[in-house]
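Chains as they are written, first to last, in our numbering: chain A, 1 to 336; chain B, 1 to 284. Heads up, the beta-carbon is just placed ideally off N, CA and C, and yes, glycines get one too. Nothing here was measured: the structure is a model prediction, and the numbers come from that model.
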Amino acid sequence: MPLLEVNDLRTHFFTGDGVVRAVDGVSFTVEPGRTLGIVGESGCGKSVTALSIMRLLPEPPARIVTGSIRFDGRELTTLSERELEDVRGRQIAMIFQDPMTALNPTLTIGTQITEVLERHLGIEGEAARRRAAELLDEVGISRARERLDDYPHRFSGGMRQRVMIAIAIACEPGLLIADEPTTALDVTVQAQVLDLLDDLRRERGMAMILITHNMGVVAESAEEVAVMYAGQIVEQAPALELFARPEHPYTEALLAALPDLDDKRARERRLEAIPGRPPDLIDPPVGCRFAARCPYAGCGDSCAQAPQPLRELRPTHWVRSAHPASKRAAEEALSA
Amino acid sequence: MSEPLLSVSDLKVHFPIRKGFLFDRTVGYVKAVDGIGFEIEEGKTLALVGESGSGKSTTAYAVLQLLRPTAGSVSFLGRELTRLRGSELRQARRQMQIVFQDPYASLNPRMTVGKIVAEPLQTHGIGTRSSRRATVAHLLELVGFDPAYTNRYPHEFSGGQRQRIGIARALALSPKLIVCDEPVSALDVSIQAQILNLLKDLQDDLGLTYLFIAHDLAVVRSMSDTIAVMREGVIVEQGPAERVYTEPQTDYTRALLAAVPVADPERMQSRKLERQQLLLATAR
Numbered sequence: 001m002p003l004l005e006v007n008d009l010r011t012h013f014f015t016g017d018g019v020v021r022a023v024d025g026v027s028f029t030v031e032p033g034r035t036l037g038i039v040g041e042s043g044c045g046k047s048v049t050a051l052s053i054m055r056l057l058p059e060p061p062a063r064i065v066t067g068s069i070r071f072d073g074r075e076l077t078t079l080s081e082r083e084l085e086d087v088r089g090r091q092i093a094m095i096f097q098d099p100m101t102a103l104n105p106t107l108t109i110g111t112q113i114t115e116v117l118e119r120h121l122g123i124e125g126e127a128a129r130r131r132a133a134e135l136l137d138e139v140g141i142s143r144a145r146e147r148l149d150d151y152p153h154r155f156s157g158g159m160r161q162r163v164m165i166a167i168a169i170a171c172e173p174g175l176l177i178a179d180e181p182t183t184a185l186d187v188t189v190q191a192q193v194l195d196l197l198d199d200l201r202r203e204r205g206m207a208m209i210l211i212t213h214n215m216g217v218v219a220e221s222a223e224e225v226a227v228m229y230a231g232q233i234v235e236q237a238p239a240l241e242l243f244a245r246p247e248h249p250y251t252e253a254l255l256a257a258l259p260d261l262d263d264k265r266a267r268e269r270r271l272e273a274i275p276g277r278p279p280d281l282i283d284p285p286v287g288c289r290f291a292a293r294c295p296y297a298g299c300g301d302s303c304a305q306a307p308q309p310l311r312e313l314r315p316t317h318w319v320r321s322a323h324p325a326s327k328r329a330a331e332e333a334l335s336a
Numbered sequence: 001m002s003e004p005l006l007s008v009s010d011l012k013v014h015f016p017i018r019k020g021f022l023f024d025r026t027v028g029y030v031k032a033v034d035g036i037g038f039e040i041e042e043g044k045t046l047a048l049v050g051e052s053g054s055g056k057s058t059t060a061y062a063v064l065q066l067l068r069p070t071a072g073s074v075s076f077l078g079r080e081l082t083r084l085r086g087s088e089l090r091q092a093r094r095q096m097q098i099v100f101q102d103p104y105a106s107l108n109p110r111m112t113v114g115k116i117v118a119e120p121l122q123t124h125g126i127g128t129r130s131s132r133r134a135t136v137a138h139l140l141e142l143v144g145f146d147p148a149y150t151n152r153y154p155h156e157f158s159g160g161q162r163q164r165i166g167i168a169r170a171l172a173l174s175p176k177l178i179v180c181d182e183p184v185s186a187l188d189v190s191i192q193a194q195i196l197n198l199l200k201d202l203q204d205d206l207g208l209t210y211l212f213i214a215h216d217l218a219v220v221r222s223m224s225d226t227i228a229v230m231r232e233g234v235i236v237e238q239g240p241a242e243r244v245y246t247e248p249q250t251d252y253t254r255a256l257l258a259a260v261p262v263a264d265p266e267r268m269q270s271r272k273l274e275r276q277q278l279l280l281a282t283a284r
C-alpha cells in the first residue's frame, strides 16, 4: 500500500484578479522508503503541491477545491487544525529552501530540536538533550553536544540546513518533504546535503518528496520523477527511464535547454531555449497547456484545443501529450 | 599577441574589521581578494568561478572601481584605473558596464523601461531627447525586448524580460567590457538559455568582452574562453576553459566539477563516490 496517495488535487488561490489554478488535477503516490522528485520551473505548482499536503497554505486565499490526500490510510484534507498539528513534524516533516528563515534566530539549536521531541514524543530534560545531540551527530555536525547551546547565526548555510534536517528527522517521520533544500547552497555543500538526505532515507526507510527546479538534482537523488508544468504533472516515470527516454516535448525541451558540463563544444554552441513562457493560470488554455510553446502542436490534430489526459504510454511511464517522443519517432519511421 | 583589453595584477581588496564604540580601532582585516591577476583579450570571455565568499564579486567591483582596491593594478584599454579620479574615471566607466544577478532588485521600480535604458545616455550627456529615444528603441530591439513596451514599468515583466532590460541598459554607452555578475542564476532553465544565447549573440555582433561571474560550472563552460577558479580570495587555478574542464590541475577544481548535479541518473553512484573522495582531499 502506498504511504501517500494524492488524487486529483486542485489547489486554487482566490485573488482579486481571479482564481489562480496553481495546482490543477495532480495525482501521484509515494511508496514507503522511496523518493519522488517533483521538478518544474517557477510557478508550475510544485511547492503549492507540497504545502497542500502539509496543509500549510493560508486559507484564504488558498483552498483545496477538490481532491484527496491520503497518508498512511488517513484523509488529510478533512483533518482539523488540531489533528494536523499531530501529523506535521511527527509523521510528515518538511524542510525549506532557506534554512535561515526557517530557524528561529532567538532560540538555541538545542531548544529548537528538543521542543519537537517534547511536543511529539514527550521526551524531556536531559534525555531530550542527549537525543538532540545524537541527531546533530547523525546529520554530520561535529562536537554536537557543545553546539546545542549555539544560536543559528553561528552556523553556515549548509550547517543550518543540516540542523533543519536534524529537526525534521527527530520524530522519525514516515515522509520527509524537501522543498528546494539545496537551492541556496554552494555546489559542494549541495552535494553533501543531498548525499546526507539520501543516506538518512536509506537507513531509516523514510519516504521523501524532493521538490526542485534542477534536473541534475532530481537525477542524482530521486527514484521516481514527476515533471510539472502549469499546475499539472505532464510526465512521470522512474528516474532512469525518464532521463533515458523522455517523452513529453516539455521534458525534452527542459533537458535540451540545460548547458552540458561535459560538452566539449559548449562554447561555440547555442543553447536550445524554449520560446515563450508558461500560460497564465487564471485563465489557462483549454487544451494542452504546453501547446503554445510546443514545436509539435497542431501537426494534424487538435491537441491545442482538447485537454490532454495523463496516459500510461508504457508500464510505469505516464505522459500528458498528444506528441510523445516515441510516437513521433514511429510516425517518422512510417513516413520515411 | 595584442595587448589585453583588461589586465589585473596583484589585486588586493582588504576590509578592516573594527571593534569598539566611539574609539573604534582596526583589529584585523578580511582579505576578500588577496593578490590575484588575470588578463582578458578583446572579444573574449573570462569566467571567475568559485563558491560564495570566494571573492569573485569583490573582484568585479574592484575592476570597475566601485570598490577601491587596497593594492594592485587594474589596467583597462592601457590606462591604470586605480589612479583615476572624478571625471577621468567617469569617462573610463563609459567603456565598462555591469549586468547584475537580480533583475528584480537592479531596476528602479519607479522608472519606465525607456527611462532606465536612457539613463546612462542622459548622465553622460549623449544625444538629444529624440535621438536618445531612437537609441533606446534600437537597444531594446537588440536584446529582444519589444520596444512597444517602452513606457511600462519593470514590475510588469518577468525575470527574463527584466534581465533583457538590464542588458539593454548596460549596452547603452557602447561599452567594450561588460561584467556579468551571475546574470542567469535567478532565472528558470528555459529562460536562462534565452539570456545566455543573447549574451553570446551580442558578443559576436558587437565584439564585447565579458568578465563572467557564475557559480554554475555548466553555464560557465558554455560561455567562457578562459576560467579562473577562486577560493578564499585567491585564484587556485587558471587556464583555457577546455583544459580546466578536461584536465583540472587542482583537487579543488575537481571537487567543484564532481559536485555539479548532472541530469544522468546512471552516473549517480560513481559521481557520489568521486565526490566523497575529493571532499576528503580538499577539506579545510
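Rounded to whole angstroms, the gap between the alpha carbons of A/Val20 and B/Ala241 is 45 Å. Contact with chain A is found for B/Asp264, since one of that chain's Cβ atoms lies less than 8 Å from the residue's Cβ. Counting the other Cβ atoms within 10 Å of the Cβ of A/Arg311 gives fewer than 16, which makes it exposed.
Residue environment: A/His153 is assigned as exposed (fewer than 16 neighbouring CB atoms within 10 Å of its CB, all protein chains considered). For B/Leu196, the closest Cβ of chain A is nearer than 8 Å.
Taking C-beta atoms as the reference points, B/Gln101 and B/Pro175 fail to come closer than 8 Å. In the displayed model, B/Leu6 falls within a strand according to three-state DSSP. Only residues of its own chain outside the window of five on either side were considered, and among them Tyr229, Val234 and Phe290 have a CB closer than 6 Å to the CB of A/Tyr250, listed in chain order.
Of A/Leu200, A/Leu175, A/Ala266 and A/Val187, the smallest CA-CA separation from A/Gly216 is found for A/Val187. The three-state reading of DSSP puts B/Asn197 in helix, counting H, G and I together. Spanning the alpha carbons of A/His248 and B/Thr58 requires a straight line of approximately 43 Å. For the beta strand (DSSP E) assignment, the uninterrupted runs of no fewer than 3 residues enclosed by the segment 72 to 110 of chain B are, from N- to C-terminal side, 96 to 99. Judged by DSSP in its simplified three-state form, B/Thr226 adopts strand.
Restricted to the segment 3 to 63 of chain B, the beta strand (DSSP E) segments that are unbroken, complete and at least 3 residues in length are 6 to 19, 25 to 40 and 45 to 49, listed in chain order. When Cβ-Cβ separations below 8 Å define contact, B/Asp102 makes no contact with chain A.
Taking 7 Å as the upper bound on Cβ-Cβ separation, chain B lies near no residue of the segment 90 to 123 of chain A.
Closest in C-alpha terms to A/Gln232, from the list A/Ala266, A/Thr114 and A/Lys46, comes A/Lys46. Per DSSP, A/Val163 is one residue of the alpha helix (DSSP H) stretching across Gly157 to Ile169.
When DSSP states are grouped into helix, strand and coil, A/Asp24 belongs to the strand group.
Spanning the alpha carbons of B/Ala32 and B/Val49 requires a straight line of approximately 15 Å. For A/Gly16, no CB of chain B lies under 8 Å from its own CB, so it is not counted at the interface with that chain. In this structure, DSSP gives B/Phe157 a state outside helix and strand, which the three-state scheme calls coil.
Counting along the chain, the unbroken beta strand (DSSP E) around A/Gln236 starts and ends at Gln232 to Pro238. A/Val48 sits away from A/Val65, with the two beta carbons spaced by 8 Å or more. Secondary structure of B/Val143 (DSSP, three-state): coil. A distance below 6 Å between beta-carbons, with the five flanking residues on each side excluded, links B/Gly233 to the following residues of its chain, in chain order: Lys31, Ala32, Val33, Asp34 and Gly55. For A/Gly216, the residues of chain B that pass the 9 Å Cβ criterion are Ala218, Val260, Pro261, Val262, Ala263 and Asp264, in the order they occur in the chain.
Within the same chain, Lys12 come within 6 Å of B/Ala71 by CB-CB distance, once the 5 residues on both sides are set aside. Under the DSSP assignment, A/Glu312 falls in the beta strand (DSSP E) whose first and last residues are Arg311 to Arg314.
Under the three-state reduction of DSSP, A/Gly33 is assigned to coil, being neither helix nor strand.
Per DSSP, reduced to three states, the secondary structure at B/Gly239 is strand. Contact annotation: A/Pro295 and B/Ala218 have beta-carbon atoms that are not nearer than 8 Å. Residue environment for A/Glu252: buried (at least 16 other C-beta atoms within 10 angstroms of its C-beta).
Scanning its chain for C-beta atoms nearer than 8 Å, with the 5 sequence neighbours on each side dropped, one finds around B/Phe145 the residues Val113, Gln161, Arg164, Ile165 and Ala168, in chain order. By the rule that beta-carbons nearer than 8 Å mark a contact, B/Ser52 touches chain A. When Cβ pairs closer than 8 Å are counted between the two stretches, the segment 243 to 255 of chain B is seen to touch the segment 213 to 229 of chain B, the count reaching three or more.
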